[in-house]
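Residue 174 in full-length UniProt numbering sits at position 174 of the sequence shown, with consecutive numbering throughout.
In this text, a Cβ means the ideal position worked out from N, Cα and C, and glycines have one as well.
Because the structure is a prediction, the values reported are computed rather than measured.
This report concerns only the one structure given below.
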Amino acid sequence: MNIIDIHPHIISDDETRYPPAPLFGKRSDWSQERPSTVESLIAAMDAAGVAKAAVVHSSTTYGFDNSYVVDGCNQYADRLVAVGSVDMLADDVPAVIKGWADRGLAGLRIFTGGSTKDFDPSELDNPKSFKAWEALAELGLPMCIQTGPIGLPQVRMLCEKFKNVNIILDHLGRPDVLDGPPYANAQSLFDMADLPNLYMKLTPRIFGDVKKEKASAETFFPRVVEAFGPQRLAWGSNFPTSPGTLGEILATAQAGLGSLSAADREWIFGKTAQTLYPRLA
């Protein structure tokens, strides 16, 4: 199986060339405590048996300056593609997106909150951002959205309004699964299954949550596959944000999905990523 990771991060060790300028003015702890250069990522991928990756720009380190993720991935263009961030409300955002795409960017991500800020989904349905979505549709680029259950109504609106843009929900949309089967507390997530252009990213957060209280990997992940199909699910390591080596993170995911069929796992660990980012094929 060709294993592809759609959610690692890289941080430069050259702050003169790539100066930190974090979004919202607060730099993430992980980017300072365990940064990973592109060279370190490639070494970690080799050690873990990960063939390729879609590397997600660290907006909590560099704001909207995608220079390092683009430059780093271009160094290893046979194995990596870059996923960046832009100011979706900027007047010139279509030109900015095209400029980064011309430099090699293969997709975008909206960070509405997370490690450094509470979730605020208001940017998602701001009409001023729609011209950015139109540019994504024109360029054929997917969009990752980092939000929690609070942002799912806005995600639905975007999926329905921009049917030609593939939208990837980071961290599976952070559902509450602790109540266990039939996972009623996560119903707002499963209600999104009718949106054909919505994809789900399975990351360490959910592999940890299914080990708590009444949840289990054996009851939750088959439910997710039943709802969305394996063709809309993809694995992402969140390395090095999540603790552990890339090999350990991958092993946890493989164990968590062990109850699925081999065909389902092939989609989740590689084939879906190639659908979203064709340059990884």
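### Query
For ARG17, is the classification buried or exposed, using 16 other Cβ atoms within 10 angstroms of its Cβ as the cut-off for buried?
To locate residue 17, count along the sequence shown from 1; it is residue 17. Result: exposed.
### Task
Leaving aside the five residues before and after SER67 along the sequence, list all residues of the same chain whose C-beta is less than 7 Å from its C-beta, in chain order.
The count along the sequence shown starts at 1 and reaches residue 67 at position 67. Only TYR18 meet the Cβ criterion.
### Proximity to ASP78 [Cα-Cα], best of GLY104, PRO149, SER58
Numbered from its first residue, the sequence shown carries residue 78 at position 78. Cα-wise, what sits closest to ASP78 is GLY104.
### Query
Between PRO222 and the rest of its own chain, which residues show a CB-CB distance below 8 Å, the 5 nearest in sequence each way excluded?
To locate residue 222, count along the sequence shown from 1; it is residue 222. Answer for PRO222: SER259, LEU260, listed in chain order.
### Nonlocal neighbours in the same chain, by C-beta distance under 7 Å from SER31, ignoring five residues either side
Within the sequence shown, residue 31 is the residue found at index 31, counting from 1. Once the five neighbours on either side are set aside, the close Cβ partners of SER31 are ILE11, SER58, THR60, THR61.
### Message
Against chain D, does GLN187 count as a neighbour if the rule is that its beta carbon must be under 8 Å from one of theirs?
### Response
Absence of chain D from the displayed structure is noted, only one protein chain being present.
### Message
If I follow the unbroken beta strand (DSSP E) through ILE145, where does it start and stop?
### Response
The residue given as residue 145 occupies position 145 in the sequence shown. Counting along the chain, the beta strand (DSSP E) containing ILE145 begins and ends at 143 to 146.
### Per DSSP, cross-strand counterpart(s) of LYS201
Position 201 of the sequence shown holds residue 201. Answer is ALA234, bridged to LYS201.
### Terminal residues of the alpha helix (DSSP H) in which ARG265 lies
On the sequence shown, position 265 is the one that residue 265 refers to. 262 to 266 is the extent of the alpha helix (DSSP H) around ARG265.
### Message
Given a cut-off of 8 Å on the beta-carbon distance, is the pair VAL83 and GLY107 in contact?
### Response
Position 83 of the sequence shown holds residue 83. Position 107 of the sequence shown holds residue 107. Yes. Within cutoff.
### Query
DSSP puts ALA82 in a beta bridge; with which residues?
Counted from its first residue, the sequence shown places residue 82 at position 82. In the DSSP output, where bridge partners are listed per residue, ALA82 has VAL55, LEU105.
### Message
Within a Cβ cutoff of 7 Å, which residues of the same chain sit near GLY63, ignoring the five residues on either side of it in sequence?
### Response
Working through the sequence shown from its first residue, we reach residue 63 at position 63. So the list reads ALA21, PRO22, LEU23, once near-sequence residues are dropped.
### Message
Run through the DSSP bridge pairs and tell me what ASP87 is partnered with.
### Response
Residue 87 sits at position 87 when you count from the first residue of the sequence shown. DSSP, once it has assigned bridges, lists no residue as partnering ASP87.
### Residue nearest to ASP65 in terms of C-alpha spacing, selected from ALA51, ALA101, SER85, PRO196
Position 65 of the sequence shown holds residue 65. Checking every option, the nearest Cα to that of ASP65 belongs to SER85.
### Message
Spatial neighbours of PHE111 within its chain, please: C-beta separation below 7 Å, excluding the five flanking residues on both sides.
### Response
Locating residue 111 in the sequence shown gives position 111, where the first residue counts as 1. These residues qualify, in order along the chain: LEU23, SER59, SER85, GLN146.
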